[in-house]
Structures are given as C-alpha cells and as structure tokens.
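From first to last, the protein sequence lines stand for chains R and P.
Counting along the first sequence from 1, when you hit position 183 you're at 218 in the numbering used here, and nothing is skipped either side.
Counting along the second sequence from 1, when you hit position 116 you're at 151 in the numbering used here, and nothing is skipped either side.
All C-beta atoms, glycine included, are put in the ideal place defined by N, C-alpha and C.
All of these numbers come straight from a predicted model, not from anything done at the bench.
Worksheet: the structure to be examined is printed underneath.
Number of protein chains: 2
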Amino acid sequence: MRIAVLTIGNELLSGKTINTNANWLSKKLSSIGSVITLHITIPDEQASIINNLDLLFSTQIDLIICTGGLGVTDDDITRDVIFSYFGSNEVFDKDYWAFLENKFLKFGYSLPDSNKSQAVSPDNGKVFSNPLGSARGLIYEKNNITLMVLPGVPSEMKAMFDSTISPWVEEKIDSKIFQINIRTTGIPESILFEKVKNIDLEENYHNIGYYPSVYGVDVRIAGEDLEKIEKLKDDIRANIDEYIYEIGDQNLEEVLIKKLKKKKMTISCAESCTGGLIGHRLTQVPGGSEVFNGGMITYSNESKINQLGITLKNIEDFGAVSEQVALEMAENIKNKFGTSIGVSTTGIAGPGGGSKSKPVGLVYVGYCDDKSLKVKRFNFSSSRESNKIRTSQAVLNYVFKMI
Amino acid sequence: MRIAVLTIGNELLSGKTINTNANWLSKKLSSIGSVITLHITIPDEQASIINNLDLLFSTQIDLIICTGGLGVTDDDITRDVIFSYFGSNEVFDKDYWAFLENKFLKFGYSLPDSNKSQAVSPDNGKVFSNPLGSARGLIYEKNNITLMVLPGVPSEMKAMFDSTISPWVEEKIDSKIFQINIRTTGIPESILFEKVKNIDLEENYHNIGYYPSVYGVDVRIAGEDLEKIEKLKDDIRANIDEYIYEIGDQNLEEVLIKKLKKKKMTISCAESCTGGLIGHRLTQVPGGSEVFNGGMITYSNESKINQLGITLKNIEDFGAVSEQVALEMAENIKNKFGTSIGVSTTGIAGPGGGSKSKPVGLVYVGYCDDKSLKVKRFNFSSSRESNKIRTSQAVLNYVFKMI
Numbered sequence: 036m037r038i039a040v041l042t043i044g045n046e047l048l049s050g051k052t053i054n055t056n057a058n059w060l061s062k063k064l065s066s067i068g069s070v071i072t073l074h075i076t077i078p079d080e081q082a083s084i085i086n087n088l089d090l091l092f093s094t095q096i097d098l099i100i101c102t103g104g105l106g107v108t109d110d111d112i113t114r115d116v117i118f119s120y121f122g123s124n125e126v127f128d129k130d131y132w133a134f135l136e137n138k139f140l141k142f143g144y145s146l147p148d149s150n151k152s153q154a155v156s157p158d159n160g161k162v163f164s165n166p167l168g169s170a171r172g173l174i175y176e177k178n179n180i181t182l183m184v185l186p187g188v189p190s191e192m193k194a195m196f197d198s199t200i201s202p203w204v205e206e207k208i209d210s211k212i213f214q215i216n217i218r219t220t221g222i223p224e225s226i227l228f229e230k231v232k233n234i235d236l237e238e239n240y241h242n243i244g245y246y247p248s249v250y251g252v253d254v255r256i257a258g259e260d261l262e263k264i265e266k267l268k269d270d271i272r273a274n275i276d277e278y279i280y281e282i283g284d285q286n287l288e289e290v291l292i293k294k295l296k297k298k299k300m301t302i303s304c305a306e307s308c309t310g311g312l313i314g315h316r317l318t319q320v321p322g323g324s325e326v327f328n329g330g331m332i333t334y335s336n337e338s339k340i341n342q343l344g345i346t347l348k349n350i351e352d353f354g355a356v357s358e359q360v361a362l363e364m365a366e367n368i369k370n371k372f373g374t375s376i377g378v379s380t381t382g383i384a385g386p387g388g389g390s391k392s393k394p395v396g397l398v399y400v401g402y403c404d405d406k407s408l409k410v411k412r413f414n415f416s417s418s419r420e421s422n423k424i425r426t427s428q429a430v431l432n433y434v435f436k437m438i
Numbered sequence: 036m037r038i039a040v041l042t043i044g045n046e047l048l049s050g051k052t053i054n055t056n057a058n059w060l061s062k063k064l065s066s067i068g069s070v071i072t073l074h075i076t077i078p079d080e081q082a083s084i085i086n087n088l089d090l091l092f093s094t095q096i097d098l099i100i101c102t103g104g105l106g107v108t109d110d111d112i113t114r115d116v117i118f119s120y121f122g123s124n125e126v127f128d129k130d131y132w133a134f135l136e137n138k139f140l141k142f143g144y145s146l147p148d149s150n151k152s153q154a155v156s157p158d159n160g161k162v163f164s165n166p167l168g169s170a171r172g173l174i175y176e177k178n179n180i181t182l183m184v185l186p187g188v189p190s191e192m193k194a195m196f197d198s199t200i201s202p203w204v205e206e207k208i209d210s211k212i213f214q215i216n217i218r219t220t221g222i223p224e225s226i227l228f229e230k231v232k233n234i235d236l237e238e239n240y241h242n243i244g245y246y247p248s249v250y251g252v253d254v255r256i257a258g259e260d261l262e263k264i265e266k267l268k269d270d271i272r273a274n275i276d277e278y279i280y281e282i283g284d285q286n287l288e289e290v291l292i293k294k295l296k297k298k299k300m301t302i303s304c305a306e307s308c309t310g311g312l313i314g315h316r317l318t319q320v321p322g323g324s325e326v327f328n329g330g331m332i333t334y335s336n337e338s339k340i341n342q343l344g345i346t347l348k349n350i351e352d353f354g355a356v357s358e359q360v361a362l363e364m365a366e367n368i369k370n371k372f373g374t375s376i377g378v379s380t381t382g383i384a385g386p387g388g389g390s391k392s393k394p395v396g397l398v399y400v401g402y403c404d405d406k407s408l409k410v411k412r413f414n415f416s417s418s419r420e421s422n423k424i425r426t427s428q429a430v431l432n433y434v435f436k437m438i
C-alpha cells in the first residue's frame with residue numbers, strides 16, 4: 036500500500052514545531068508493511084490545501100493521511116476546506132454535541148459555541164472517533180484513493196491512528212511483512228553493528244535496520260518469511276544477548292516492572308542527578324504501584340544527610356558524587372522503604388559543576404538487595420538531558436539484569 | 036521572500052530519521068523574515084526528484100532549498116539527477132580535487148575515486164563551499180526561482196546555510212516579520228480563543244496562531260509592524276493575564292526556577308501520582324539545584340505514613356487521594372526539607388484505580404509556604420501520561436502564581 040502524509044500547520048512551516056507527526060506515522064506505517072511515498076507540509080490556507088489535495092488525488096497512491104487544523108480556533112480551517120472540496124453538506128450531530136457538553140461540564144466549563152464545528156458530520160463522508168479529544172476524524176474516497184483526516188495534537192492523532200487507521204491498513208495490505216524488534220541498551224551502534232554484521236545470512240542482510248536513540252539501539256529485522264527472520268533473530272541474539280532487554284516493542288520500565296511483579300519483588304530509589312526521572316518512568320507503567328513503593332530525591336547534600344542518613348564524613352572525604360555515597364544511598368533507601376531492592380544515582384549532570392577529576396557526565400549508580408551491595412561507574416556525555424536519561428536507563432537495566 | 040524546502044531521503048519517509056533539517060531551516064529562515072510555503076520530502080528516486088522540481092519551479096516562490104543525496108555512496112543520486120535535469124555538462128575541478136586530496140592526506144587516508152563526483156561543477160550552474168565536508172552546494176536559476184542544493188548531513192547543511200544561504204536571503208528580503216509568543220496553561224484552547232477573539236484589532240486578526248499541547252496553549256502573534264504587535268500583545272495580556280506564565284519561548288520550569296532564584300526561595304515536593312515528574316522537570320533546568328532541594332516520592336500509603344509522616348487517620352477517613360492528605364503532604368515536605376515552599380500531588384493517574392466518587396483523573400495539589408497552606412482540586416482525563424504531565428504543570432503554575 037502506497038501512502039502520502041499531508042501535514043497542515045503554520046507552526047510546522049515557521050519551524051516553531053518539529054514535524055514529529057509525519058515521522059511517527061511513517062514509522063508506524065512502515066512497520067506494518069506499507070510504503071510512504073511523500074510527505075507534504077503546507078500552511079493553514081485554503082488554496083494550499085485544495086491544490087495539494089488535487090495533486091495527491093492525481094498520484095499513484097492508495098491512501099492520504101492528513102493531520103492538523105481540526106481545532107476550534109479561526110486558524111483551524113481544514114474541516115471547512117475539506118467539506119467544501121468534496122461539496123459536503125453539514126449534518127449536525129446532536130448526540131455528539133450532548134457528549135461534548137457533558138465532557139466540558141465535568142471540567143467545570145460550559146461548552147463554547149466555537150465547538151459546534153466539531154459536532155458536524157459530512158453527508159458524503161464518514162467520521163471516526165477520537166478517544167482523547169473532541170475533534171473527530173474524517174474519511175473520504177476519490178479516484179480510488181482514501182483520504183483520512185486527523186487532528187494535529189500528537190496524543191490524539193496517535194490514539195486515532197492506533198484505533199482506526201492501523202487496523203484498516205493492515206487489513207488491506209496483501210503481502211504481509213513480518214518484523215521483529217530487538218531492543219538493546221548499553222552498547223554503541225557501531226560496536227553492535229560489528230557484532231551483528233558477520234552473521235552469515237546474506238539473503239536477510241538488507242532486512243536489518245539499526246535505530247539508535249539515547250535509550251539504546253533497536254535492531255529491527257523484517258521479511259516476508261517468518262521462519263527465516265525468527266532464525267535470524269536467534270542468531271543475532273546469540274551474539275549480543277547481554278545487551279538485549281526486550282524482543283518486541285515494550286520499553287525497559289515495562290519489562291522491568293513485569294519481571295519484578297513475577298518475582299514478587301519491590302523497589303525504591305534514591306535519586307540525585309536523575310532528580311526524579313527513575314520514579315517518573317516507573318510510574319508511567321500502569322499498575323507499577325505493586326512493585327514501586329516510592330523514593331527520595333536528594334538533590335542537595337543537606338537532604339542526602341538529613342533525609343537519607345548519608346554519612347557527612349563520606350561526603351566530606353569522597354564527595355557527593357562517589358562510589359561510597361552511591362552505595363550508602365542504595366542501602367539506606369532500601370532500608371527506609373523496606374523494599375527488596377534499593378537503587379541510587381549520583382553524578383554530574385552538567386552543563387556546570389564538572390572538574391578535572393569529576394567531569395560532567397560522571398555518574399555512579401548503586402544497587403542493593405538482600406544479597407548484594409554494588410556500584411557501577413559511567414562516563415556519559417556533556418548534555419544534561421541525555422545524561423539524566425542514560426543514567427535512568429543504566430539503573431533500570433542494572434536491576435533488570437541483576438534479578 | 037517565499038521559500039520551499041525539499042528534503043530528499045528514504046530514511047525520512049520510512050520514519051527512521053526525523054526531519055530535523057526542514058525544521059531547522061524553517062526556524063532560521065522565519066527568524067530572518069522569510070515565509071516558508073511548503074515542505075516536501077521525497078525518496079532517493081530520479082522520477083520523484085524530477086517531478087517535484089517541475090512542480091516547485093511552477094509555483095509562486097523565490098527560492099527552493101533542497102537537501103540530501105550529495106554523498107558518494109550509490110544511493111546518493113541527487114547531484115546526477117539535478118545535472119541531467121538542467122542539462123549540465125560536468126566540469127572537473129582540478130583545484131578542488133587537489134584540495135580534497137590534501138584534506139584526506141591530513142587524516143591519513145588516500146582519496147578514494149568515489150569522491151570524484153564531488154569535485155565536479157556544472158557548466159550552467161554554480162557551486163558553493165562546504166566548511167565541514169567534501170560535498171559542495173549547487174546553485175541554479177530557472178523561471179526566476181533560485182535552487183540551492185545542500186548535503187543532508189545536519190552539521191554540514193547548517194554550516195553551509197549560515198555561511199552562504201542566510202546572508203543571500205537577508206540581502207534580498209524587503210520586509211522583516213516580528214513574532215511574539217505568549218505561553219499559557221490551565222485554560223482550554225476554545226475558552227482561551229473566546230477571550231482573545233474579541234480584541235478589536237481586525238488588521239492583525241489573522242496573525243494570531245493558537246498552538247495547544249498537553250502543557251497548555253501558546254498564542255503566537257506575528258506582523259511586520261513591531262509596535263502594532265506589541266500593542267496587540269498588551270491587549271491580549273490584559274484579557275488572559277491569569278493564564279500566562281511567559282512572553283517568549285521558555286518553559287514553565289525555567290521561568291519558575293528563575294523567579295524562585297530572584298526571590299531567594301527554595302522548594303521541595305512530595306509526589307504521589309506524579310511519581311517524580313515534578314522533580315525531574317525542575318532538575319532539567321541547569322542550576323536548578325540552587326532552589327530545588329529535593330523531595331519524596333511517596334507512592335504507597337505505607338511510604339506516605341512512614342517517610343512523610345502523614346496521619347494514618349487522615350488516610351483512613353478521607354483516603355490517600357483527598358484534600359486533607361494533599362495539605363498534610365505539602366506541609367510535611369516543607370518542614371522536613373526546610374524549604375520556603377512545599378508542594379504535593381495525590382491523585383488517580385489511571386487507567387485503573389478509579390471509582391464513582393474518585394474517578395481516574397481526580398487530582399489534589401497542595402501548596403505550603405510560610406504564610407499559607409492551600410489545596411486545589413483538578414479533574415483531568417483518562418490517560419495516565421497526560422494526567423501526570425497536567426498535574427506537574429498545575430503544580431509548577433500554582434507556585435509560579437503564588438510567589
């Protein structure tokens with residue numbers, strides 16, 4: 036299936052907003068075996084929308100996915116332009132209006148008249164639901180090409196794609212492409228590549244993709260023959276097993292929480308340089324409260340000493356960023372919260388605060404359970420944001436491998 | 036000046052790489068007063084490049100900036116296709132070849148023959164230099180439209196834009212466009228719109244853009260007359276001042292940390308439903324340690340009682356998600372950490388755990404300083420992720436407005 040993505044929004048063209056929607060949609064659509072032929076981004080302008088719809092409806096594609104401009108403010112013109120493009124008559128949907136009224140009431144607002152446009156359906160097209168917001172999607176057909184229109188708010192767009200568009204595309208695709216995703220962390224892409232490239236399966240060679248991010252590298256293998264790619268996966272796994280935390284699409288906090296639940300273990304964390312990010316990630320997983328009791332963010336030395344009971348002498352002798360303090364933090368948080376595991380982070384997140392002996396990016400991670408008390412040292416980069424993420428990933432992976 | 040950006044690359048369409056080039060170019064070009072009319076992204080395919088050049092050379096624009104496909108591997112076809120599109124004869128540039136030879140020698144390599152394509156100039160177009168790499172840029176003219184072609188490697192593209200394209204555009208631009216961004220939170224887009232739309236400045240009306248996200252709504256005003264848009268900003272401000280936290284592009288944690296620093300105040304937080312996100316956000320700001328001492332993540336009732344000293348009776352009588360517990364959490368964290376301000380969150384993040392009287396999305400936020408102890412109740416949505424973000428935004432905004 037050949038698909039074009041049309042994103043509408045002045046904010047995309049002015050550079051105010053990066054076009055993550057086109058990227059997200061393309062990644063999702065490629066992964067289910069469709070081919071993206073074109074991205075077009077245009078302003079919220081009638082002539083531009085019409086010209087580009089004309090253009091797209093005259094190309095060799097099967098589906099146009101269009102996002103943006105379904106809101107209620109006067110720069111949101113997509114719905115009106117598309118209605119007029121297809122000569123649609125407006126049908127006011129009383130039930131949906133009542134639903135919106137109720138929803139707004141719950142938040143303590145009365146529904147403004149400007150929302151009326153969102154309760155209108157076309158007489159010659161279809162609408163589809165938005166699980167997170169008030170702007171529903173639109174579906175039209177022309178020249179054997181389907182047009183699906185979604186709001187531009189990423190969370191809403193994604194939810195609508197997953198519930199409506201993805202199943203629709205998957206059903207229509209003739210040659211199914213199977214994909215297996217292998218998630219790794221703690222190894223650079225080029226080293227990983229060296230370890231994987233010699234696996235002797237030439238016919239599958241070009242079906243291996245490497246997708247690095249600050250969380251780690253995903254290795255994605257794809258092909259029409261499920262048996263062959265399963266075999267390839269096993270071969271790759273044998274070479275890089277120690278870096279793998281997931282075969283599939285779950286993230287590290289999800290697989291860790293599952294493993295902890297299965298082993299009936301609980302965890303608490305004492306965070307300095309990560310500042311709460313580990314707790315935030317663990318509580319992104321629904322039901323995480325069964326294993327995550329909580330923790331402390333001890334950002335200042337004072338709070339490390341007074342709240343977490345870190346020895347003043349250790350801080351004085353070795354500094355707050357040291358093996359000794361990381362170990363004490365992990366042990367003390369475990370004891371305070373009475374959990375099976377205690378973890379800790381202390382480091383120089385940057386951009387300031389570094390020195391020759393303790394440069395920005397230096398991080399110690401502590402781990403304590405009933406049997407062991409350990410510490411690991413990392414040297415990350417100079418970016419604060421990536422140091423925090425890499426540290427949180429190192430901690431979660433540490434626990435995942437230890438239990 | 037009207038500009039289209041044409042990005043070429045299979046990796047952009049498959050979703051493997053996010054199109055940061057189009058975004059970066061647009062931001063830079065907007066900031067010097069040009070108008071981006073279109074982004075097009077196409078694969079490394081001859082027919083697609085030719086069709087889209089035909090299309091762009093027939094539109095009402097002044098400049099096409101094209102990136103990608105100038106490298107030396109066999110999927111880099113842009114240079115060849117453009118030479119054939121313009122019927123260019125290849126002129127081998129001996130001086131540039133000698134320059135490249137020297138450059139490679141310096142790094143200890145002999146120059147591979149595959150680099151020959153990069154030492155070729157067109158007889159009917161121009162080349163321009165690449166301060167960071169070996170692929171030079173190309174310049175052509177057709178139908179009064181200029182085409183500038185750059186490599187896709189972001190660092191090279193940026194250096195070439197700054198040294199050649201930016202000065203070229205600035206010289207040709209007649210009217211500069213000014214922009215002011217107004218950042219709000221705690222008010223839905225449609226309600227905000229109702230409050231802004233009646234401001235009686237018709238001539239500026241269409242220069243107001245609304246950019247909603249889960250963090251709030253940005254209102255962006257733009258125009259050629261700085262005085263007029265300043266006046267418009269003041270008028271808008273008068274109508275929605277209570278929801279504004281920033282005139283500019285800083286986020287809420289940045290402006291809050293600055294304000295706290297200025298007032299020499301410190302803050303600590305007791306997080307239940309946000310699970311560490313508030314701490315994470317405050318520690319994203321470099322130098323935040325001056326005002327943020329730390330906090331506790333008390334996710335379980337046990338940790339609320341044992342670590343934070345919440346009264347068991349309050350939890351039994353009112354539940355952990357209650358006004359009483361939020362107030363106690365804020366007061367206790369302030370006292371424990373000895374900060375000027377203590378804040379707290381307790382709520383039902385979802386998707387599970389809701390009931391009729393306490394549905395998913397119910398959140399209490401506590402605030403305590405030396406003079407006041409207050410609590411606010413919110414009803415957010417059914418998505419765990421957005422509930423956490425909205426709660427953290429509500430807390431930061433609460434503090435920002437109180438101090």
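- Under the three-state reduction of DSSP output, P/Y433 falls in the helix class.
- Residues of chain R with a Cβ closer than 9 Å to the Cβ of P/F372 are, in chain order, S335, E337, S338, N341 and Q342.
- Of all alpha-carbon atoms in P/A365, P/Q319, P/K298 and P/M300, the one lying nearest the alpha-carbon of P/T333 is that of P/A365.
- Given a length threshold of 3 residues, each whole run of the beta strand (DSSP E) inside the region 43-124 of chain P is given here in chain order: 70-77 and 98-102.
- For the C-beta of P/S61, the chain R residues within less than 7 Å are, from N- to C-terminus, L48, S49 and G50.
- When DSSP states are grouped into helix, strand and coil, R/E281 belongs to the strand group.
- Annotation: the continuous alpha helix (DSSP H) that includes P/M192 extends over P189 to M195.
- Listed along chain R, the residues sitting closer than 8 Å to P/S324 by beta-carbon distance are Y334 and S335.
- Within the region 338-396 of chain P, the complete beta strand (DSSP E) segments at least 3 residues long are 376-382, listed from N- to C-terminus.
- Between P/T219 and P/Y280, the C-beta spacing is below 9 Å.
- Within 8 Å of the CB of P/R419, the CB atoms of chain R belong to Q319 and P321, in sequence order along the chain.
- At least one C-beta of chain P is nearer than 9 Å to the C-beta of R/C308.
- When C-alpha distances from P/V162 are compared across P/L105, P/G68, P/K141 and P/S335, the shortest belongs to P/L105.
- At least one C-beta of chain R is nearer than 9 Å to the C-beta of P/N414.
- DSSP, read as helix, strand or coil, puts R/D270 in helix.
- Only those residues of the region 422-434 of chain R whose C-beta falls short of 8 Å from the nearest C-beta of chain P are listed: K423.
- Close partners of P/N367 in chain R (Cβ separation under 7 Å) are lacking, with about 12 Å as the shortest Cβ gap.
- For P/N414, the pairing in a beta bridge is given by DSSP as P/L397.
- Taken through DSSP and simplified to helix, strand or coil, R/P202 comes out as helix.
- Closest in alpha carbon position to P/P186, among P/F92, P/I340, P/T102 and P/T94, is P/T102.
- Sequence-distant Cβ neighbours of R/I222 in its own chain, meaning closer than 6 Å and more than five residues away, are Y278.
- Exposure of R/K207 is indicated by the presence of fewer than 16 other C-beta atoms within 10 angstroms of its C-beta.
- In terms of Cβ geometry, P/D89 and P/N45 do not form a close pair [threshold 9 Å].
- Residue contact with chain P for R/M331: present (Cβ-Cβ distance below 9 Å to some residue of chain P).
- Under the three-pair Cβ rule at 8 Å, the region 127-143 of chain R does not count as touching the region 202-216 of chain R.
- Look at R/T426 here: in three-state DSSP terms it is helix.
- Taken through DSSP and simplified to helix, strand or coil, P/E289 comes out as helix.
- Chain-ordered, the chain P residues with CB closer than 9 Å to the CB of R/Y246 read K51.
- Along the region 99-115 of chain R, the positions whose C-beta sits under 9 Å from a C-beta of chain P are G106, V107, T108, D109, D110 and D111, read in chain order.
- Against chain P, a Cβ distance below 9 Å from R/I77 picks out T72, L73 and H74.
- Beta bridge pairing from DSSP links R/I174 with R/K161 and R/M183.
- Using a Cβ-Cβ cut-off of 9 Å, P/G160 is close to nothing in chain R; its nearest Cβ partner there is about 26 Å away.
- For R/F127, the pairing in a beta bridge is given by DSSP as R/V155.
- Residue pairing by DSSP places P/R37 opposite P/V70 in a beta bridge.
- Between the region 303-310 of chain P and the region 370-390 of chain P there are three or more C-beta pairs closer than 8 Å, enough to call the two in contact.
- The contact set of R/V184 on chain P, defined by CB atoms closer than 7 Å, is empty, because the minimum CB distance reaches about 18 Å.
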